[in-house]
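Peer 1: Below you'll find the structure I mean.
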Amino acid sequence: MWDIFSFDFWQTLAAQHSLWLMFVAAFLSATVLPGNSEVVFIALVTPKVIGGSFGNDDLLELLMMAAVGNTLGSLTTYWLGRLLPAPSLNTEKHSFAWAIEKLQRFGIWMLLLSWLPVFGDALCAMAGWLRLNGLYAGILIFLGKTLRYIALLLITFPFL
0 MWDIFSFDFW QTLAAQHSLW LMFVAAFLSA TVLPGNSEVV FIALVTPKVI GGSFGNDDLL
60 ELLMMAAVGN TLGSLTTYWL GRLLPAPSLN TEKHSFAWAI EKLQRFGIWM LLLSWLPVFG
120 DALCAMAGWL RLNGLYAGIL IFLGKTLRYI ALLLITFPFL
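Number 151 in numbering that gives the first Met the number 0 belongs to position 152 of the sequence shown; there are no gaps in the numbering.
Have a look at this one:
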């Protein structure tokens, strides 16, 4: 029988299914649901770094699983934003039309900041709502999320 309230249960689960645990935590924290994938990432990276497997493929797999899960979560938010009605431009409001045009022209690069808490989720949803290119959005979101986890790893490593 499983004792889900015991520390041993969760420790065994994390050891056996660490990649899936990281993926689910990263995916959920990138959607509009609350979550904190950074804590899970550090908790799963710490034994690998302390154990001396810093250059091991396991660490790279964990990093990629976190980045892919987080990216797919943000793309889910992007597509939810895309389901919203397209913004209608009223020709009488030139300033609004100008702002939308500039966001459509330069706004895709803002998705490099999609890793920011709360603000990043809003950026992804707005990118979908404005019908920004989905392929470029996915690439920039993945790049931003990957760089965030690499930075988190490099910042955490000296303290371990």
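Think of the CB as a built atom: it goes at the ideal place given N, C-alpha and C, for glycine as much as any other residue.
To the nearest angstrom, report how far apart residue 90 and residue 72 are at their CA atoms.
Peer 2: Reliability fails at residue 90, whose pLDDT of 46 lies under 50, so the model's placement of it is uncertain and no value is given.
Peer 1: Looking at the unbroken alpha helix (DSSP H) that takes in residue 83, where does it start and where does it end?
Peer 2: Unbroken run through residue 83: none, as it is neither H nor E.
Peer 1: Let's test the definition: count the other Cβ atoms within 10 Å of the Cβ of residue 158 and tell me whether it reaches 16, buried, or not, exposed.
Peer 2: By the 10 Å Cβ count, residue 158 comes out exposed.
Peer 1: Could you spell out the range, first to last residue, of the alpha helix (DSSP H) harbouring residue 7?
Peer 2: First-last of the alpha helix (DSSP H) with residue 7: 6-15.
Peer 1: Exposed or buried, which one is residue 4 when buried takes at least 16 other CB atoms within 10 Å?
Peer 2: With fewer than 16 Cβ atoms within 10 Å of its Cβ, residue 4 is classed as exposed.
Peer 1: What residue range is occupied by the uninterrupted alpha helix (DSSP H) comprising residue 134?
Peer 2: Run containing residue 134: 133-155, per the alpha helix (DSSP H) assignment.
Peer 1: As a quick exercise: from 61, 60, 127, 63, pick the residue whose alpha carbon is nearest that of residue 85.
Peer 2: That would be 127, whose Cα lies nearest to the Cα of residue 85.
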